[in-house]
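Read the structure below first, then the notes.
2 protein chains.
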Amino acid sequence: MSVFKEDEVLVYEIALVFPKRGDKNEGNQGFNDAICVLVDELKKLGLFVEEIPGLAHEFIKLAAPVEALGKVAADLQIRKRTNIGMDLAFEWDQVKAFVRQADGSLFSWCERYHCYHHLLYGIVNTSKTAVSLQYDGKNFCWEPWEPLLRRLELEGILKQVFPLHDETKKKKLLKSWAFHWLDFTAQPIDDIYLYFGTKIAIYFAFLGMYTRWLLFPAALGIILRIVDFGSLQFLVLPVFFICIISWAVFFFQFWKRKNYALLARWKISYTVGTGPGYKIFGMDMNSRQHPLEFEKKLESNNVKEKEAYQRDEWLGRLKRIRNDAIVVLSIICLQLPFELAYAHLYEIIGSDIVKFGLTAVYLLIIQYFTRIGGKISADLIKNENIENKEYRADSLVYKLFGLYFMQTYIGVFYHALLHRNILTLQKVLIQRLIVSEVFENLLENSLPYFKYSYKKFRAVRYKKQHDKGSSTGKVKVTSRVEKEYLKSAYAASIGGDLEDGLFDDFLELALQFGMIMMFACAFPLTFAFAVINNIMEIRTDALKLLVIHKRPVPRAAATIGAWLNIFQFLIVMSICTNCALLVCLYDAEGKWKLEPGLAAILAIEHILLLIKFGFSRIIPEEPAWVRASRVKNATHAQDVSRELLRSISGGENKMRNVEPKE
Amino acid sequence: MSVFKEDEVLVYEIALVFPKRGDKNEGNQGFNDAICVLVDELKKLGLFVEEIPGLAHEFIKLAAPVEALGKVAADLQIRKRTNIGMDLAFEWDQVKAFVRQADGSLFSWCERYHCYHHLLYGIVNTSKTAVSLQYDGKNFCWEPWEPLLRRLELEGILKQVFPLHDETKKKKLLKSWAFHWLDFTAQPIDDIYLYFGTKIAIYFAFLGMYTRWLLFPAALGIILRIVDFGSLQFLVLPVFFICIISWAVFFFQFWKRKNYALLARWKISYTVGTGPGYKIFGMDMNSRQHPLEFEKKLESNNVKEKEAYQRDEWLGRLKRIRNDAIVVLSIICLQLPFELAYAHLYEIIGSDIVKFGLTAVYLLIIQYFTRIGGKISADLIKNENIENKEYRADSLVYKLFGLYFMQTYIGVFYHALLHRNILTLQKVLIQRLIVSEVFENLLENSLPYFKYSYKKFRAVRYKKQHDKGSSTGKVKVTSRVEKEYLKSAYAASIGGDLEDGLFDDFLELALQFGMIMMFACAFPLTFAFAVINNIMEIRTDALKLLVIHKRPVPRAAATIGAWLNIFQFLIVMSICTNCALLVCLYDAEGKWKLEPGLAAILAIEHILLLIKFGFSRIIPEEPAWVRASRVKNATHAQDVSRELLRSISGGENKMRNVEPKE
């Protein structure tokens, strides 16, 4: 049946969830049972289907042989790396021309998921009349050419489609990754890539490398603490400052190299340097829709079309600038005073109980505020008509980070700059680092567990209520698929439809990085705290992904995207804040004076440097129409390249082409 | 004979120069005349050959029908843009698949020159025995498999191979470009590209756009001079400063867009964003040698090979850093004191005559110094084993610019910062701008003309001496090819083998840009001077290229390369110098004081910002082995893509492939 029979082990990878049916199943005649119809259709597609009754839900597990996926991949014209190193549209006939994954499978998890999705939502009613369906006593019609899954979702029958964990691989990963405590930062990145896809693997590669590199400033910080440099003591902090900034600059440069190396190893086409760094063509998720759109718009270098393209580009850019201005202004005008008020109140209140109450109120309000901010940002982004989902996600990340940046650092800035008291600043830093990170780690692992327990309890209660008396003994959630369904999804705390849980993890990292870098001179020991925290973080995040959450939906982004720019911004910020800290430290008596004229000129200088290095990003270097025609060209080239594909896949297929086939 | 007969006009494009033969031609028997053999060989290659006797030299003019060039292009596997927008190795059979130039010719001037070069130096002795040749009484042997032209060069018989002007096109360009004074900055860029190749066309496009954009700050500068802003006068300069810097930042961003647009229009593959921006593969000049080298080194992701690659990369980088350090240190330790000494002596000397003498001595020494510096830099670069010629040229440009930077600005800095006298600074600026630019323009146009006249005079004298009495009347240089030979080459003043005359032209532009930007606040009117100068520059440079010099050898570089980074560096410098100028201006009485501690911290801040934005360039983002394997893959893909080419070039050829051909 398949050429790859020998190395193919069927694994159920996708689950569909339906509510539990009552006993009144055998109802109206002339109506087909929806589940039966669905299962038939799925089997027609060549999928392996297993129905599993749970306590409170019913489940359908799906597994696909490689042929079924290959057919969809060819339909979708997914671009895959071929043996000659070029990305070409997949064709099942020429399967030998395509590079396989490190574990021998033809498709990456990202591609498989994409195929599954297309397969499932591609089930339409091909007959000319509507089909009457029923489920649990509810009757409805499946119109011609309507996707069955959409209809079932609309009727509230299909509750969820989610990817399933692969138990064998999961257990292997648990052993080699989550519980592999011996080497602090070692991780099986390639296995993570195979199991979770590019984006998550890139996150863990970054986290590991960051933690390894952090050992250097951590050691430096500890040395500063222990050793007395005698008469050179006054030079110590500036030297440390210079070392830290250089360290950060080099780290991110080397990270980019690492990123390139990883993508080369995984044989992914990319453009890390230019733009946010996704695959321009050959993108897994929207490989097909993109080029067609371009082709429609841009035809044979028509000047008019080109102008329209340029107008579109500038309009979109203006909209984006307007949105950014709205976000920045509202953060400065609304959030900043609020945060300052809290910080100030906290300082002047004497009683501990009132302080506690104030903090509680503050936390409540800030939660609410963040949620509103996230909603507004997401709405604004919808205006920006960016076609690519990952670009939209990046845009959201920038806006939300602004929010969190204010939230996290304003209090610390307040201490640092207004009070000019290094000791209280150090206290605040330790407090923040320990509280926020230890508690957050606990919270992000325990909260989903409690949610899971509660859901399990509810499922058991449901079962008990419905089975009243008929069942004996203890009711338990036994099927693995139901257990996974009850686990919470790996989702972002805000902006859920564009980002997944990686947003929170990256946010945590970025805020930590800002905290340790921006106040490095005030408290060099923070780096050591960060190292310990990150070593913990690697394993707890691994555990979270493998055990606590559902298997996340794989994403195709090939770099850390917006976060790289945020880290770079934090480095520049930390140059400025540390200078201010040094001034505070060396000028303890407040004797230094700056003429207002000189101060103004220095301010102008900083603004201009910001313009030089920041604003040039506003205008993209490559005009939209050039990029469009390039992408169109590349796509066009690949469309006519079937012959090329045949020549790659080898002689056997070449022969077949010469003979008439039909 | 040719499919393109109808639109093909034969133009003699290359000339070979030989010394004039005496009358003792008919000498030894058994020796063939070298010129006759060469002409036979050239005719065998399908070239059109015309022998022209000059006054002091003999010339061979060559023209190639497109078939002859096409054959070489296929031999060289030159990568050309096909109709589907992909670059593929040229094949003569599939000529229809390839995009033509705007004027209908198949090859660009750059490609044609490359083919000519390969054709000429590919003439070897294919017989098994050496051929005895003679020229002007000199006998020598042409060994088997030895290129004939190399042997002739060695024997001193072939004096030069140079590209000829195309008189029709030249006249057209003279009218539409060099003498087109009506619209100040308009230039027929596409025609320039067709006639001179990419690099020169890009220079003129840049010069035109730069001059157009300069109109804005020039107008602003004039307004500042005329209008009195009353009580807001103290704000005028800072606002002007901010406008100028923003202007510069936006200009270069828009220039990059323009560059992309031009390359898209000329259908050139490129990577402007990453690296210095040459075509990575499909490069005209070394398309073949590159990939082979890679293939040899890097085989199937071998870890050992990868490490060797990485070691090579870092070794090369360390060497480059060492060389840069040598150059920077020698500039600071040797040139800086010298320049300062001159500036100081010039200030303290009272007598005008001594001043004049001092300047003369200075100019003499500095000429010598620059020449030595250029030689050392060129030698250093030879160590750096950069394989690409254009990268080497860039490396030279950086080093030489350091030299010229010190030379040009140190005197001005001395005035500006030590004397704190704005009026004398303004005087110095005007002096420099007018003197350097007007005189330089005159010099660079008149000097080659005088050289040409002198050479013509010598040729006539030579003729007269040899013809003693036999000729009657006035002797004149009549043949066009001899006139062109007597013209000087478009060569750089230093570093001749890596750069051509564009180095001087770009240097002039960059030094002007630095002058007007770095001292903008001291004298806003300079921008107006620069505009006038640049409008002149466009036409005089055009005239220079078309009339005064030989036609330059075309270069394939697709961007302004190293100069872009130099301009960016000058923007950052000008932020700092203008701030210093503002301090001088506003603090005329020297009342403002800066605590040494604060000054130190500010210095640290600036150093760190430099590290952040400058040093990250030292480490390339893409590891060498990734790049190598990518290039290898792409090349490999194109090597197996003959089928693809057939499918592009259309049905006719497809049919031909099915039938057995031989």
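First to last, the protein sequences are chains G and C.
In this text, residue positions in the first sequence follow numbering that gives the first Met the number 0: the first is 0, and each later residue adds one.
In this text, residue positions in the second sequence follow numbering that gives the first Met the number 0: the first is 0, and each later residue adds one.
Glycine included, C-beta positions come from ideal geometry on N, C-alpha and C.
Just so it is clear, the structure is predicted and the values come from calculations on it, not from any experiment.
By how many angstroms is the C-alpha of residue j removed from the C-alpha of residue i?
| i | j | result |
| --- | --- | --- |
| Tyr308(G) | Ala623(G) | 7 Å |
| Leu41(C) | Ile51(C) | 15 Å |
| Ala260(G) | Tyr209(G) | 16 Å |
| Leu15(G) | Gly401(G) | 38 Å |
| Lys388(G) | Leu497(G) | 7 Å |
| Trp254(G) | Phe183(G) | 19 Å |
| Ile199(C) | Asp102(C) | 18 Å |
| Asn420(G) | His414(G) | 7 Å |
| Asn632(C) | Ala204(G) | 26 Å |
| Glu49(C) | Ala627(G) | 48 Å |
| Ile733(G) | Gly373(G) | Summary: the structure shown does not reach residue 733(G), with chain G confined to residues 0 through 661, and so no result is reported for it. |
Helix, strand or coil for residue i? Go by DSSP, reduced to three states.
| i | result |
| --- | --- |
| Asp499(C) | strand |
| Trp141(G) | strand |
| Leu8(C) | The amino acid occupying residue 8(C) in the given sequence is Val; Leu does not appear at that position. In the structure shown, Val8(C) sits in coil (DSSP, three-state: anything other than H, G, I, E or B). |
| Pro18(G) | strand |
| Glu49(G) | strand |
| Pro237(C) | helix |
| Lys475(G) | coil |
| Phe97(C) | strand |
| Phe566(C) | helix |
| Asp92(C) | coil |
Tell me where the beta strand (DSSP E) around residue i begins and ends.
| i | result |
| --- | --- |
| Gln133(G) | 130-134 |
| Glu436(C) | Unbroken run through Glu436(C): none, as it is neither H nor E. |
| Arg419(G) | No beta strand (DSSP E) contains Arg419(G), which DSSP labels as neither H nor E. |
| Leu87(G) | 86-88 |
Determine the burial state of residue i: buried for a count of at least 16 other Cβ atoms within 10 Å of its Cβ, exposed for fewer.
| i | result |
| --- | --- |
| Trp265(C) | buried |
| Ala688(G) | The question about residue 688(G) has no answer, for chain G in this structure spans 0 to 661. |
| His343(G) | exposed |
| Thr558(C) | buried |
| Gly53(G) | buried |
| Trp180(G) | exposed |
| Cys109(G) | buried |
| Gln133(C) | buried |
| Val530(C) | buried |
| Thr423(C) | exposed |
| Leu442(G) | exposed |
| Ala96(C) | buried |
| Asp86(C) | buried |
What first and last residue would you give for the alpha helix (DSSP H) that runs through residue i?
| i | result |
| --- | --- |
| Phe58(G) | Unbroken run through Phe58(G) is the beta strand (DSSP E), 56-62; no alpha helix (DSSP H). |
| Gln186(G) | It is not in any alpha helix (DSSP H) - Gln186(G) carries neither H nor E in the DSSP assignment. |
| Pro336(G) | 335-347 |
Chain C contacts from the segment 590-604 of chain G (Cβ-Cβ distance under 8 Å): Lys590, Trp591, Lys592, Leu593, Glu594, Gly596, Leu597, Ala599, Ile600, Leu601, Ile603, Glu604
Cβ-based contacts, 7 Å cut-off: residues of the segment 397-412 of chain G near chain C: none
The segment 222-246 of chain G: positions lying closer than 8 Å to chain C by Cβ: Pro237, Phe240, Ile241, Ile244, Ser245
Chain G contacts made by the segment 71-86 of chain C, where a contact means CB separation under 7 Å: Ile83, Gly84, Met85
Residues in the segment 108-120 of chain G having any Cβ partner in chain C nearer than 9 Å: none
Proximal residues, the segment 254-266 of chain G versus chain C, C-beta separation under 9 Å: Lys255, Arg256, Lys257, Asn258, Tyr259, Ala260, Leu262, Ala263, Arg264
Interfacial residues, the segment 549-572 of chain C to chain G, with Cβ spacing under 7 Å: Taking 7 Å as the Cβ-Cβ cut-off against chain G, the residues of the segment 549-572 of chain C that qualify are Ile570, Val571.
Contact set between the segment 531-542 of chain C and chain G, restricted to residues whose Cβ is under 9 Å from the partner: none
Contact residues within the segment 492-520 of chain C, judged by C-beta distance below 7 Å to chain G: none
Residues from the segment 147-169 of chain G in contact with chain C, defined by Cβ distance under 7 Å: none
The segment 577-589 of chain G: positions lying closer than 7 Å to chain C by Cβ: Cys578, Leu581, Val582, Tyr585, Asp586
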